[in-house]
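The listed protein sequences correspond, in order, to chains A and B.
Each step along the first sequence adds one to the number in our numbering, with nothing skipped, and position 37 is 59.
Each step along the second sequence adds one to the number in our numbering, with nothing skipped, and position 113 is 484.
For glycine and all other residues, C-beta sits at the position ideal for the given N, C-alpha and C.
It should be emphasised that the depicted structure is a prediction, and the values quoted were computed from it without experimental measurement.
Notes follow the structure.
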Amino acid sequence: MQILHLKETVKFMSYRKIALVFSALMMIASVISLATNKLNFGLDFTGGTLIEVGFEQPADLKIIRQVMAENGFADAKVQFYGSSRDVVIRLGLRGDVKAEMLGNEILSVLQKATGQTVDMRRIEFVGASVGDELAEQGGLAMLTALICILMYVAFRFEWRFAVGSVVALFHDVLLTLGLFSILQLEFDLTVLAAILAVIGYSLNDTIVVSDRIRENFRKIRNSDPEDVINISLTQTLSRTIITSFTTLIVLAALFFRGGELIHGFATALLFGVFVGTYSSIYVASLVALALGVSREDLIQEVIEKEGADQDAMMP
Amino acid sequence: MLNKYPLWKTLMVVVIVALGALYATPNLYGESPAVQVSGLRGVEADAGTLDNIKAYLDENNLDFDSVVLENGQILARFTNTEDQLKARDILDDKLGNKFSVALNLTPNTPDWLAAIGGTPMKLGLDLSGGVSFLMEVNMQEAINKAKSAMVSDFRDDLRSEKIRYRSVKEANNGVVVIFRKVADLEAAETLLKKRYRDLLVKTNDDKLTLSAKMTEQKLKEIREYAIQQNITIIRNRVNELGVAEPLVQRQGKKHIVIELPGVQDTAKAKEILNATATIEFRLVDTEGDLANALKGRIPANSILLRDRDGRPSLLKKRVMLTGDHITDAKSGFDEYSRPQVNISLDSAGGAKMSNGTKSNIGKPMATVFIEYKPTGKRDAEGNIIFEKVQEIISIATIQSRLGKSFRITGSGSPAEAHNLALLLRAGALIAPITIVEERTVGPTLGAENVRLGFEAIMLGFGLVFIFMMVYYRAFGVVANLALGANLILIVGIMSLMPGATLTLPGMAGIVLTVGMAVDANVLIFERIREEIREGKTIQQAIHQGYDAAFSTIIDANVTTLIAAVILYAIGTGPVKGFAITLSIGIITSMFTSVIGTRAVVNAIWGGKRLDKLPI
Numbered sequence: 023m024q025i026l027h028l029k030e031t032v033k034f035m036s037y038r039k040i041a042l043v044f045s046a047l048m049m050i051a052s053v054i055s056l057a058t059n060k061l062n063f064g065l066d067f068t069g070g071t072l073i074e075v076g077f078e079q080p081a082d083l084k085i086i087r088q089v090m091a092e093n094g095f096a097d098a099k100v101q102f103y104g105s106s107r108d109v110v111i112r113l114g115l116r117g118d119v120k121a122e123m124l125g126n127e128i129l130s131v132l133q134k135a136t137g138q139t140v141d142m143r144r145i146e147f148v149g150a151s152v153g154d155e156l157a158e159q160g161g162l163a164m165l166t167a168l169i170c171i172l173m174y175v176a177f178r179f180e181w182r183f184a185v186g187s188v189v190a191l192f193h194d195v196l197l198t199l200g201l202f203s204i205l206q207l208e209f210d211l212t213v214l215a216a217i218l219a220v221i222g223y224s225l226n227d228t229i230v231v232s233d234r235i236r237e238n239f240r241k242i243r244n245s246d247p248e249d250v251i252n253i254s255l256t257q258t259l260s261r262t263i264i265t266s267f268t269t270l271i272v273l274a275a276l277f278f279r280g281g282e283l284i285h286g287f288a289t290a291l292l293f294g295v296f297v298g299t300y301s302s303i304y305v306a307s308l309v310a311l312a313l314g315v316s317r318e319d320l321i322q323e324v325i326e327k328e329g330a331d332q333d334a335m336m337p
Numbered sequence: 372m373l374n375k376y377p378l379w380k381t382l383m384v385v386v387i388v389a390l391g392a393l394y395a396t397p398n399l400y401g402e403s404p405a406v407q408v409s410g411l412r413g414v415e416a417d418a419g420t421l422d423n424i425k426a427y428l429d430e431n432n433l434d435f436d437s438v439v440l441e442n443g444q445i446l447a448r449f450t451n452t453e454d455q456l457k458a459r460d461i462l463d464d465k466l467g468n469k470f471s472v473a474l475n476l477t478p479n480t481p482d483w484l485a486a487i488g489g490t491p492m493k494l495g496l497d498l499s500g501g502v503s504f505l506m507e508v509n510m511q512e513a514i515n516k517a518k519s520a521m522v523s524d525f526r527d528d529l530r531s532e533k534i535r536y537r538s539v540k541e542a543n544n545g546v547v548v549i550f551r552k553v554a555d556l557e558a559a560e561t562l563l564k565k566r567y568r569d570l571l572v573k574t575n576d577d578k579l580t581l582s583a584k585m586t587e588q589k590l591k592e593i594r595e596y597a598i599q600q601n602i603t604i605i606r607n608r609v610n611e612l613g614v615a616e617p618l619v620q621r622q623g624k625k626h627i628v629i630e631l632p633g634v635q636d637t638a639k640a641k642e643i644l645n646a647t648a649t650i651e652f653r654l655v656d657t658e659g660d661l662a663n664a665l666k667g668r669i670p671a672n673s674i675l676l677r678d679r680d681g682r683p684s685l686l687k688k689r690v691m692l693t694g695d696h697i698t699d700a701k702s703g704f705d706e707y708s709r710p711q712v713n714i715s716l717d718s719a720g721g722a723k724m725s726n727g728t729k730s731n732i733g734k735p736m737a738t739v740f741i742e743y744k745p746t747g748k749r750d751a752e753g754n755i756i757f758e759k760v761q762e763i764i765s766i767a768t769i770q771s772r773l774g775k776s777f778r779i780t781g782s783g784s785p786a787e788a789h790n791l792a793l794l795l796r797a798g799a800l801i802a803p804i805t806i807v808e809e810r811t812v813g814p815t816l817g818a819e820n821v822r823l824g825f826e827a828i829m830l831g832f833g834l835v836f837i838f839m840m841v842y843y844r845a846f847g848v849v850a851n852l853a854l855g856a857n858l859i860l861i862v863g864i865m866s867l868m869p870g871a872t873l874t875l876p877g878m879a880g881i882v883l884t885v886g887m888a889v890d891a892n893v894l895i896f897e898r899i900r901e902e903i904r905e906g907k908t909i910q911q912a913i914h915q916g917y918d919a920a921f922s923t924i925i926d927a928n929v930t931t932l933i934a935a936v937i938l939y940a941i942g943t944g945p946v947k948g949f950a951i952t953l954s955i956g957i958i959t960s961m962f963t964s965v966i967g968t969r970a971v972v973n974a975i976w977g978g979k980r981l982d983k984l985p986i
């Protein structure tokens, strides 16, 4: 079975203006949203207390809110979590001496007020400094990842590809952050993990394409870089689509069956893989092309690395 | 011949997958409820304890699967949780306070598997349920303490060498001594330089001020000691909680992670962990005028403290001994059956006590209990500010020169003596700690997470399985074999690796690996199709397909591995779990999808004359 039967080379690069405008618009939208809406940082980063409780019968949020307000927790945010029996209560950081005791206190308050057996599902308390440190570390991690990858790709390929793939990564990360900012989805530690996984995945895709471009530069003599890139993208297109497809179906399985706790994680990855596929076709190759990648830049390695295969390739 | 693996290579693939499968099997046996008995404060469970436990269980007609003694702990397995709970109550009652009795779940790994190191995967708290704490050690307090110790040490040294000084005061990272005469300063400098090699002793320009600073090395040692001591003390406290397999681990420069699987009553756990306290012994200032002091005129070398009932006493400012020298404190009775507290000190503490008491026989000595309560405020550097609460818990007369072990009598009722002993034992913390993060997962949520994660893995796996079979036919089946082998290897390695814990994001990592692992095979298979289209012979197409895709696969996976390793380095708990499964998955998937599938492909199609490939 085969999904794609491409007899002709697809002229990917002739749509580059559209792609450029599209990517630019999306990136600008992300930056604007990040600047104005900011990210809806989760407890991991902001600090505070979160209590998830399970009721036997569907819960009435109004009553819970009232109970909370009566007991001095007027700032509590009360929401359903996944089902109408699951309720999440969030509290900001407070100056109280026993902030870490809040969880247990609220649990007993709820137990008394509703007369139901309240099942403690989870309590999370994060102090202020922890969140700050984490945000700092998270940003640092992303930066380190980008730099390490830039170095590896530059070492294995060529600096133009390295710049291309890092621009693509930056593009993917920015758009994923933008999505979380525009939709105001909660950004917690698992989402950060997902974004680092997106970096890994998107790069995977970009490298497959770059590898083929390099190979074709060596194989096809006297050809225009644009044509070589088009040919390479066409050749790898069915692989790109199949891999994205298999990854997307497992992520869909996670999204729909994995439960509330990793919903954000699955969302970030689903979207990230999607834009990662797009960016490996357009962003990475486009940047490499714009930086003037050419046959001469890559020819040196042919003799060194694939000398043994030379005979088989020559007609 | 093209596309034939040497026998050893095929065998290697088979052996590796078989080993993976072997070490993955302990996960299939499940767990049974158990009760774990471990000794407290140096007591170890022995064969005698084992017999006692068996007898207690038999007395109460409780059926147990087995009762074994291992590493100073006794583990009793039961068939159901009802018996387990009953047994816990009985043993807790009978064994008294020398042992902690904890509920546990023990894997039912068969003996032969356990003998070769087979254990099931460790589940993270988000899957097993339980509580984890992150504690922050107050390093500033540790350094402050070292400074005040320096002040009193300097005073003692100068006095014993008869060097006259005007004052000894704490200063930034050290102590400043002011003299009246240059000669005194010079004598002091020689003396202090000789005695304290880990201090930077310097004379100021005025020739009358001497400053001693702690070196970076010394400061580092103090911080190191503060965190290590806290870890040791927390371990002891956690043991008293009766938790099976607790984890107390250092994280970074000033944090300690505590994981208590299965603990639901977090309030009790927190009370015990949060009780940060220290003890100080001071002489009572018998010459000072208490009435005057109460009016605000406190003598220069004294402080005014109160006991629990608010009765004030004047105490000497100088601390005779700090609680970190206490190695043990027990309550008991003296020869007249009066309650007493027996205290043991370390050797340095013994020497200090001996020095401090020799000229003060017959005088009263006070024991001061100091608690550090977090105020919820932070200083400019983001460190938590603590409030120091001091309370006199006992005043006793020094009957003779005291040494390494001594006792405090006359503390009232046996209950009070017991309480005092408890406070003395807890009071050894050099630097106070606070909980800065807490995560509790209830047992229902944990079980639900396991179910959801498992379902997601199976569903994702099934979908990819069907797709590959439809799309690549026979080759798809080969890729699916590799996918299955990959899953087995991940589970096998996770079970074998000591530090690896399966968490919910970790399960998500496995799902993601399943999706991405087929990528290598897609790359290879697409390449083979391409080569066939270009008119290569079947054997050459297979050869070229694997060869050409190889470097791409390596590059693509190494970069993902970089991201995963960085994630591992910064992540904690669940996220670390994700990084672990992702990293393991990347490595095993490269093995199964490149070397593994090649072995199968070579065995079935390699070296034969074929016109078509089922790809």
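For residue i, count neighbouring C-beta atoms within 10 Å of its own C-beta (all shown protein chains included) and say buried if the count is 16 or more, exposed if not.
{"i": "residue 103 of chain A", "result": "buried"}
{"i": "residue 532 of chain B", "result": "exposed"}
{"i": "residue 530 of chain B", "result": "exposed"}
{"i": "residue 632 of chain B", "result": "buried"}
{"i": "residue 542 of chain B", "result": "exposed"}
{"i": "residue 412 of chain B", "result": "Any answer about residue 412 of chain B is weak, because its pLDDT of 48 lies below 50 and its placement is not dependable; what the coordinates show is given next. Exposed, since its Cβ has fewer than 16 Cβ neighbours within 10 Å."}
{"i": "residue 206 of chain A", "result": "exposed"}
{"i": "residue 377 of chain B", "result": "exposed"}
{"i": "residue 173 of chain A", "result": "exposed"}
{"i": "residue 771 of chain B", "result": "exposed"}
{"i": "residue 985 of chain B", "result": "exposed"}
Taking Cβ positions only, does residue i come closer than 7 Å to chain A?
{"i": "residue 874 of chain B", "result": "no"}
{"i": "residue 904 of chain B", "result": "no"}
{"i": "residue 956 of chain B", "result": "no"}
{"i": "residue 813 of chain B", "result": "yes"}
Does the Cβ-Cβ distance between residue i and residue j come in under 7 Å?
{"i": "residue 375 of chain B", "j": "residue 978 of chain B", "result": "yes"}
{"i": "residue 301 of chain A", "j": "residue 190 of chain A", "result": "yes"}
{"i": "residue 141 of chain A", "j": "residue 815 of chain B", "result": "yes"}
{"i": "residue 957 of chain B", "j": "residue 923 of chain B", "result": "no"}
{"i": "residue 217 of chain A", "j": "residue 198 of chain A", "result": "yes"}
{"i": "residue 813 of chain B", "j": "residue 775 of chain B", "result": "no"}
{"i": "residue 692 of chain B", "j": "residue 283 of chain A", "result": "no"}
{"i": "residue 111 of chain A", "j": "residue 98 of chain A", "result": "yes"}
Does the CB of residue i have a neighbour CB from chain B at under 7 Å?
{"i": "residue 189 of chain A", "result": "no"}
{"i": "residue 275 of chain A", "result": "yes"}
{"i": "residue 11 of chain A", "result": "Absent from the model: residue 11 of chain A. The displayed extent of chain A is 23 to 337, so no value can be given."}
What would DSSP say about residue i, mapped onto helix, strand or coil?
{"i": "residue 71 of chain A", "result": "strand"}
{"i": "residue 383 of chain B", "result": "helix"}
{"i": "residue 776 of chain B", "result": "strand"}
{"i": "residue 962 of chain B", "result": "helix"}
{"i": "residue 410 of chain B", "result": "strand"}
{"i": "residue 624 of chain B", "result": "coil"}
{"i": "residue 34 of chain A", "result": "helix"}
{"i": "residue 134 of chain A", "result": "helix"}
{"i": "residue 567 of chain B", "result": "coil"}
{"i": "residue 304 of chain A", "result": "coil"}
Any idea which residues DSSP pairs residue i with across the strands?
{"i": "residue 540 of chain B", "result": "B:547"}
{"i": "residue 141 of chain A", "result": "A:76"}
{"i": "residue 404 of chain B", "result": "B:476"}
{"i": "residue 741 of chain B", "result": "B:649 and B:761"}
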